[in-house]
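Report on one structure; see the data block that follows.
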Amino acid sequence: MKRIQSSIVDSGDHQLRYTSSTDDRRLYARPEGGRMAVSRGSTLSEVLISMLVMSIGVVSLATLFPISVLRAIQASHLTNAANLRLNAEASMSVQSEILNGGHVRDVSYPASPSTFTYNPGDFAVPEENLRSQNPRIIFRTQSGGTPAGVPPSWDFRRGQTTTDGGVTWTAISVERYVVDPIGFHEVQFPGITAPPSTTGSPTVLAWEGAGDFFGHTPTQALANVRRFVGGEFSDINDIDDTNAARVVATLPDSFIDQIETTQVSNLTATSVQLNNLPNAIDQETPIGSVAVPLSRVLLYDITGRSSHIRPLATVGTGTSPVLTWNANYGSLPTGFILGKAVVETRDLRYTWMLSVRRSGYGPTSVDCVVFFRRAYHPQEELVYPAMFEERMDVGSDGQPGRIGVDDDLLNGVDDLGEIGWPGSDDVARNWVVIQYSSTTDKPLFKRGGYVCDARNLRWYRILDISAEGVAGATSAVAQVWPPGAPYLDLSTYSVGPPVVPAVDAVGPPPAKTGFDRAVLLRLENRILEDSFASNPSVAPSAGAPYDLGMALFMKGIVDVYPMR
Numbered sequence: 060m061k062r063i064q065s066s067i068v069d070s071g072d073h074q075l076r077y078t079s080s081t082d083d084r085r086l087y088a089r090p091e092g093g094r095m096a097v098s099r100g101s102t103l104s105e106v107l108i109s110m111l112v113m114s115i116g117v118v119s120l121a122t123l124f125p126i127s128v129l130r131a132i133q134a135s136h137l138t139n140a141a142n143l144r145l146n147a148e149a150s151m152s153v154q155s156e157i158l159n160g161g162h163v164r165d166v167s168y169p170a171s172p173s174t175f176t177y178n179p180g181d182f183a184v185p186e187e188n189l190r191s192q193n194p195r196i197i198f199r200t201q202s203g204g205t206p207a208g209v210p211p212s213w214d215f216r217r218g219q220t221t222t223d224g225g226v227t228w229t230a231i232s233v234e235r236y237v238v239d240p241i242g243f244h245e246v247q248f249p250g251i252t253a254p255p256s257t258t259g260s261p262t263v264l265a266w267e268g269a270g271d272f273f274g275h276t277p278t279q280a281l282a283n284v285r286r287f288v289g290g291e292f293s294d295i296n297d298i299d300d301t302n303a304a305r306v307v308a309t310l311p312d313s314f315i316d317q318i319e320t321t322q323v324s325n326l327t328a329t330s331v332q333l334n335n336l337p338n339a340i341d342q343e344t345p346i347g348s349v350a351v352p353l354s355r356v357l358l359y360d361i362t363g364r365s366s367h368i369r370p371l372a373t374v375g376t377g378t379s380p381v382l383t384w385n386a387n388y389g390s391l392p393t394g395f396i397l398g399k400a401v402v403e404t405r406d407l408r409y410t411w412m413l414s415v416r417r418s419g420y421g422p423t424s425v426d427c428v429v430f431f432r433r434a435y436h437p438q439e440e441l442v443y444p445a446m447f448e449e450r451m452d453v454g455s456d457g458q459p460g461r462i463g464v465d466d467d468l469l470n471g472v473d474d475l476g477e478i479g480w481p482g483s484d485d486v487a488r489n490w491v492v493i494q495y496s497s498t499t500d501k502p503l504f505k506r507g508g509y510v511c512d513a514r515n516l517r518w519y520r521i522l523d524i525s526a527e528g529v530a531g532a533t534s535a536v537a538q539v540w541p542p543g544a545p546y547l548d549l550s551t552y553s554v555g556p557p558v559v560p561a562v563d564a565v566g567p568p569p570a571k572t573g574f575d576r577a578v579l580l581r582l583e584n585r586i587l588e589d590s591f592a593s594n595p596s597v598a599p600s601a602g603a604p605y606d607l608g609m610a611l612f613m614k615g616i617v618d619v620y621p622m623r
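Written out as structure tokens, the structure is:
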């Protein structure tokens, strides 16, 4: 039998009878003479709605967390890039000759020129007093040999030659060039170590070193934009001193452990000896691979609670090398007992390159390009046919000038000469069409990335990738070219005599031979300069893919900073 207990409680206006059952422990509250009230549970709809709300929160968290991590990484990149940009600016302030162009493969005219031999492709930079009067001209060796012994009378007229003894130079302009200390040393064509017999052939450019030029095709360097190491008098002008260039052009923000050992001895104020390195468990790098002056040694005391850093001056060889550093860094504390030594080398994560533009004898414009883990290889600097045009395009009405109005009172209504007429909806061009081949690597374009006008050394941020075209009945260029957009038609141009000028024509322009792909890139800003001359010395053709302009894409660009 169930044992039932009942009680009556007076709650004022009503009496409540509480009945408890000892078998199921459930409690009921029932007004006297009324219906019994039972506590209700959650309905299925309430449960599902609760799960929905919770899932929204979980999904939002799962989505926003990786986004926040990516934004934090991007912020770190931008912060370090800004710091490196300031370092580059400080370097220019201390060594203004970094922007002078400097030399390419050898010194300025040597003090004892009769003992120095110039090879084809070498460059000479005249004395300071002459160079200051002609800052855009340097001299390329055409016929190699040994000079007569004294500086010649340099002919600074562009394209003219200067002969001294057995050497002949040609004056060339360096109005556009890059200052790239690390790239000058490390961007090289593999396997080309000797010059060919034909001077001036494309292979000569490759033999001279891809490091001398900025911008390459898949098979050769283009003699368009020169790459300099950083000024003839700067501390990075030694062609063999790659490490000095790395010190100048990198951000010292991180290091990589190279060697770690507790087998140390012979500690002095300026040196320490590492012993039995092949048996050290933590050794990751042969001692001969430690780069100086990019490396440092961390000296830990026997307790491991304190350490002292010394930048390395020399690194010995063998299994028990001696590491030395400069005495100017100070002596170790009295009573310091060495317990462990760690050799670290600077990690080349952030590096800079300067794009320099000089127009006539006006001011110099400089952009600082900062990279994160840049790859140094000619394939990372490939150029592609492109037409950068500083011009106006038709607006949304699709007609030049004011629609239906003969703005210039010439050639009828809405002719090409009316583009950009005041009061019209025409806009400055902020797009460029890039051509490439399906048989080679696709250009490294992406939203938010950069494209470089490799002829004028102007960098543009890519706002959007509007259209891509492929080979078909209609050329790839025609597929992406905006309707009604004009271009400068050089196909009828002739150098004469008489000279036949180039004229504007409604696009699309003809595609270049061997390039069956095209892409239209929208840029953040308008195009500032034409990438080709309206009256070139040689009429362009479909078989000359780079005569109208070149676009260059590089991986790892963090940002481009205008510096002056």
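Per the working numbering: the sequence shown = residues 60 to 623.
Ideal placement from N, C-alpha and C gives every residue a C-beta, glycine not left out.
Notebook entry, point to check: Shortest alpha-carbon distance to S202 belongs to which of F215, R216, G224?
Noted result: G224
Check: How big is the Cα-Cα spacing for R488 and D523?
Finding: 14 Å
Next item on the list: Helix, strand or coil for D484, going by three-state DSSP, please let me know.
Entry: coil
Check: F182 bridges to which residues according to DSSP?
Finding: DSSP lists R199 as partners of F182.
Checklist line | Of the listed residues R432, G460, G566, nearest to V539 (C-alpha basis) | finding: G566
Item checked: DSSP-derived helix/strand/coil call for V306 -> helix
Item checked: 6 Å Cβ shell around R623 - same chain, five flanking residues per side excluded -> V425
Next item on the list: Using a threshold of 9 Å, state whether the C-beta atoms of Y435 and G242 are closer than that.
Entry: yes
Next item on the list: Output the boundary residues of the alpha helix (DSSP H) element that contains I368.
Entry: Unbroken run through I368 is the beta strand (DSSP E), 366-374; no alpha helix (DSSP H).
Check: So who's on the other strand from V619, going by DSSP bridges?
Finding: V428
Item checked: Through-space distance from A564 to V233, alpha-carbon basis -> 32 Å
Notebook entry, point to check: Exposed or buried, S483, counting other C-beta atoms within 10 Å across all chains shown (16 or more means buried)?
Noted result: buried
Next item on the list: Take Y236 and list the residues in its own chain whose beta-carbon comes closer than 8 Å to its own, dropping the five residues that flank it on each side.
Entry: G160, F273, V284, R285, R286, F287, V415, L516
Check: Going along the chain, which residues of its own chain have a beta-carbon closer than 8 Å to the beta-carbon of M451, five neighbours each way excluded?
Finding: I478, G479, D485, V486, A487, R488
Checklist line | The alpha helix (DSSP H) enclosing Q538, as first and last residue numbers | finding: 535-539
Check: Applying the criterion that 16 or more other CB atoms from any shown protein chain within 10 Å of the CB defines a buried residue, is D341 buried or exposed?
Finding: The predicted model places D341 with a pLDDT of 44, which falls under 50 and marks its position as unreliable; any figure quoted below should be read in that light. D341 is exposed by the Cβ-count criterion.
Next item on the list: Within the same chain, show all residues whose beta-carbon is closer than 6 Å to that of G608, passing over the 5 residues directly before and after it, in chain order.
Entry: Within the same chain, A445, M446, F447, R514, S590, F591 come within 6 Å of G608 by CB-CB distance, once the 5 residues on both sides are set aside.
Note to self: Could you pull the DSSP bridge partners for G204 from this structure?
What the structure shows: Under DSSP, G204 takes part in a beta bridge, and its partners are Y177.
Margin query: Taking 9 Å as the threshold (C-beta atoms), are V559 and L547 in contact?
Written below: no
Next item on the list: Give the secondary structure of H275 by DSSP, where H, G and I count as helix, E and B as strand, and everything else as coil.
Entry: H275 falls in the strand class under three-state DSSP.
Item checked: Pairwise C-alpha distance: Y620 and N146 -> 12 Å
Next item on the list: With a 10 Å radius around its C-beta and 16 neighbouring C-beta atoms as the bar for buried, classify V617 as buried or exposed.
Entry: buried
Checklist line | Member of T423, M613, S104 whose CA lies at the smallest distance from the CA of R432 | finding: M613
Notebook entry, point to check: Which whole-angstrom value describes the C-beta separation of T220 and T229, a residue pair presumed to lie in contact below a C-beta threshold of 8 Å?
Noted result: 5 Å
Next item on the list: Would you tell me roughly how many angstroms separate the C-alpha atoms of V184 and F198, rounded to the nearest one?
Entry: 6 Å
Next item on the list: Compute the Euclidean distance between the alpha carbons of A544 and R355, then round it to the nearest angstrom.
Entry: If you take the alpha carbons of A544 and R355, they lie about 58 Å apart.
Notebook entry, point to check: Enumerated in chain order, which unbroken segments of the beta strand (DSSP E) with a length of 3 residues or greater are wholly contained in the segment 541-577?
Noted result: 545-548, 562-565
Notebook entry, point to check: Cα-Cα, which of D239, V226, T227, D271 is closest to P247?
Noted result: The amino acid occupying residue 247 in the given sequence is Gln; Pro does not appear at that position. Closest option to Q247, Cα to Cα, is D271.
Note to self: Are the CB atoms of L407 and C427 within a distance shorter than 9 Å?
What the structure shows: no
Check: So which of N584, V472, G476, T499 has the shortest CA-CA distance to Q438?
Finding: T499
Next item on the list: Check whether the Cβ of F504 lies closer than 9 Å to any Cβ atom in chain D.
Entry: Protein chain content of the structure displayed is limited to a single chain, and chain D is not contained in it.
Checklist line | Beta-carbon contacts of R506 that lie in its chain and below 8 Å, excluding the five residues immediately before and after | finding: I521, L522, D523, I524
Next item on the list: Could you have a look at T404 and say whether DSSP puts it in helix, strand or coil?
Entry: strand
Note to self: I'd like to check one pair, V529 with A537: are the Cβ atoms closer than 9 Å?
What the structure shows: no
Note to self: DSSP three-state label for A610, please.
What the structure shows: For A610, the three-state secondary structure derived from DSSP is strand.
Notebook entry, point to check: Does DSSP put V381 in a helix, a strand or coil?
Noted result: strand
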